[in-house]
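If you read the sequences in order, they're chains V and B.
Quick note on our numbering: the first sequence kicks off at 515 and runs consecutively.
Quick note on our numbering: the second sequence kicks off at 3 and runs consecutively.
Where is the CB? At the ideal position from N, CA and C, for every residue including glycine.
Quick caveat: nothing in here was measured; it's all calculated off a predicted structure.
Down below is the structure, laid out as structure tokens.
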Amino acid sequence: MTNDVTRRGVLKSAAAATAAGIVGAAFPAPYIRNAEAATLELRWLGWEHYNVRPIVEGFERQYGVRVSAGFFDGNSEAYNKLRGGGTDDFDLVMADGFWPRLYARQGLTQAVDYGKIANMNAVFDDFKAPNYMLLLDDAGETPIAAPNCWGGYGFTVNMDRVDDADARSVGLLFNEKYAGHLSTSARFEENIALAGILAAHQLGTKDAARPDGKSFNPYVLTDAELARAKELLIKQKGLLLTRWNDEDTLERLLRAQAVWASPEWSGIYRRIHFDRLDGTSNLNMIHVLKPEEGGLGWVDTWCITTGVTDSETLELAHKWIDWRLSADNMAIVATDVGWSPTVDVRDRIPERYVETLFLNNTAAIRGLYQFDAPSSPEKWERVWSEVEAA
Amino acid sequence: MIGPVAKTLLLALPGLSFLVVFLFMPLVSIVIFSFWRTESYELIADWNIDNYATLFSDVTYLTFLVRSLVMATAVTLTSLLYAWPVAYLIAKHGGRYRLVLILLTAAPFLTGEILRVTALQQILGPIGLINMALGHFGLAPIRALMYSNVASWIGLTYLWMPFMVLAIYLSLLNFDFQLMEVAKVNGARVWRAFFEVAWPLNMAGTVIGCVLVFIPTLGSSLTSQFLGGPNGALYGNILAHQFGATGTWAFGSAMGVLLFAVSLAVTLVLARAVRDFRRAGITIKEG
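What follows is the structure, encoded as structure tokens:
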């Protein structure tokens, strides 16, 4: 058999194809449902690092569905997306701290049925009511979110460069002794909140009665506290080497000892500490999860959006949460992604992870101020702009 | 048979549609939003001029605008100083390699902006090539290069200069270099020949290059975000912040309108520099 292409052959094929097209257009074939289109799809919006391929693929195989994800950097970005019609685009959204309550209040998310999430039983008590109430609505009755991972926004400190007496205070980030070797992230909310903790501590208002009758929340600062926080942040600018935008940059600066102290999520500390344990680094770093004046913390969660109205997708959303909470998958998140699970996986991961993910100290979450939306984003924006312009 | 007017309209249709959809409509929407207000991430259609009042009365935001104007001017002037000799050399002496050489100036564009800025971090930063090399010889690091406005200036110049080179090069392609020789034969020194012949006859290309560098620099945010350090926030950074973390869209829209107005004004001012098109190197067929 020969494969020669002749002019006649090409013309014949083209004529046949044209005829087939005309016939096809004139007498359309009956609609055949596409098998792909019939596959149920679960869409979640969250932090990109939680898009762990083996976990997602395992779920898709197990339930014969398709999972797609959208990503954000911060809660406010996700909130803006949902407010802009995102509840129709996403079935699940991740949120931490007080944000799940805000979503529920705004009608963006719906109740979560713990009865359908068997792995809730494996969650540490520290992340369940009555120890941790932010998974329930404002009335403290209906579950509105299921926990995922937790952590703080503590400081990683180079103990060869920073005095022990200074290392455990928020004041370290404002200490002139370490000028040019301090860093913070570019996150404006957390920068103001940390300065707010120090401001309230200095003003003596942190443990006093609050105007709103609630306990101190660094995201709900009085005008006096906010003004003091602004002063601190302006003074701090002269002490900072940079405000980091990505963890890689901070890790390089910490390893090169250009930066001696910075708030971070503890992942960098863990990697450097592991290198020390392995004998490949002699850097003496500690991570201060809860500074003396108080620190910031978070429990990130899965919430189901109000865009989910059919029972099939609602069921699938619960299965997804249950899947994510399984000890096997949480162990993957702990070791491969590097976040601390709210589920007890201590028997499944190496001891060095147990220690540096603070899994023997989950009660620490109770002493940390939870991430929240600023009480007035407009006012906080003004403060931050003034700091940046100063 | 369609008439000449209909034919012109038909030809203009794709361009006009593009402008309406991608320039006019977004612009109208941000003008509308700029007269609304935001409350706790929610855009409220409550017509007022508060955003503009804040923008023009609060020295904070004017500081960012002035910073950006100074930065854009510095970057444009630096690009101009660097681009002219490069473009001149390529246009006059590039021979058959002219196209390859001009494409090489745009080689950094083969990578993304983030990658280019990150690469600059590796050169200018405290643990970058320059400062590490200095440290190796026992010298102190150059602090001005580390997360500073100088670093942003270098980064932005690196980022936008190819546009300047390209605009001047394209202008020089139509320039008769023998005119320079004529000027010199008639007694003009090199610099005088340049400023009285080459410069005015290539004014259009130079102005276009200036606009192509100045306007993007004025609104840029990424470079200063990564290289600028704690004192490096520009107008673009604060503008981006309004639409991101703070969710203050209405105020951000007002900032956007002001940026557009300033950009337009700068373009018009620069366009006035090309009043005499013939002297600026643009030839129009007469009759």
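| query | result |
| --- | --- |
| Span of the beta strand (DSSP E) around V:Trp834 | Run containing V:Trp834: none in the beta strand (DSSP E); it sits in the alpha helix (DSSP H), Ser825 to Leu839. |
| Three or more C-beta pairs below 8 Å linking the stretch 641-660 of chain V and the stretch 708-720 of chain V | no |
| C-alpha gap between B:Ser223 and B:Met163, whole angstroms | 17 Å |
| Cutoff 7 Å: B:Ile129 Cβ touching any chain V Cβ | yes |
| Nearest residue (CA-CA) to V:Ile879, options V:Asp587, V:Gln576, V:Trp664 and V:Val637 | V:Trp664 |
| Assigned secondary structure, B:Thr250 (DSSP; H/G/I helix, E/B strand, else coil) | coil |
| Exposure label - B:Tyr99; buried when at least 16 CB within 10 Å | exposed |
| CB contact check: B:Thr219 to chain V, cutoff 7 Å | no |
| Contact with chain B by V:Ser899, beta-carbon distance below 7 Å | yes |
| Any chain B beta carbon closer than 7 Å to V:Ser590 | yes |
| Short Cβ contact (7 Å threshold) for V:Leu803 with V:Gly685 | no |
| Interface positions of the stretch 230-261 of chain B facing chain V (Cβ-Cβ less than 8 Å), listed along the chain | Gly231, Pro232, Asn233, Ala235, Asn239, Ile240, His243, Gln244, Gly246, Ala247, Thr248, Gly249, Thr250 and Phe253 |
| Reduced DSSP category for V:Ile800 - H, G, I as helix; E, B as strand; rest coil | strand |
| At least three beta-carbon pairs within less than 8 Å, the stretch 629-641 of chain V to the stretch 78-87 of chain B | no |
| Outcome for V:Asp610 when other beta-carbon atoms lying within 10 angstroms are tallied against a minimum of 16 | buried |
| Distance, B:His243 Cα to V:Val897 Cα | 13 Å |
| Extent of the continuous alpha helix (DSSP H) run through V:Arg575 | Arg567 to Tyr577 |
| Residue closest to V:Asp674, alpha-carbon to alpha-carbon, out of V:Gly811, V:Leu648, V:Ala772 and V:Asn565 | V:Ala772 |
| Residue closest to V:Val607, alpha-carbon to alpha-carbon, out of V:Ala831, V:Pro864, V:Tyr646 and V:Glu865 | V:Ala831 |
| Between the CA atoms of B:Leu29 and V:Glu571 - distance to the nearest angstrom | 43 Å |
| Contact with chain V by B:Tyr149, beta-carbon distance below 7 Å | yes |
| Same chain only: Cβ atoms within 8 Å of V:Lys751, ignoring 5 sequence neighbours per side | Val901 and Ala904 |
| Proximal chain B residues relative to V:Phe702, where beta-carbon distance stays under 9 Å | His243, Ala247 and Thr248 |
| B:Gly246 to V:Asn594 span [Cα, whole Å] | 8 Å |
| Chain B residues whose Cβ lies nearer than 9 Å to that of V:Arg619 | Correct list: empty, because the minimum Cβ distance to chain B is about 11 Å. |
| Backbone CA spacing between V:Gln884 and V:Trp812 [nearest angstrom] | 5 Å |
| Neighbour list for V:Arg615 in chain B, Cβ cutoff strictly below 9 Å | Correct list: empty, because the minimum Cβ distance to chain B is about 14 Å. |
| Collapsed DSSP secondary structure at V:Gly781 in the structure displayed | helix |
| Exposure label - V:Glu739; buried when at least 16 CB within 10 Å | buried |
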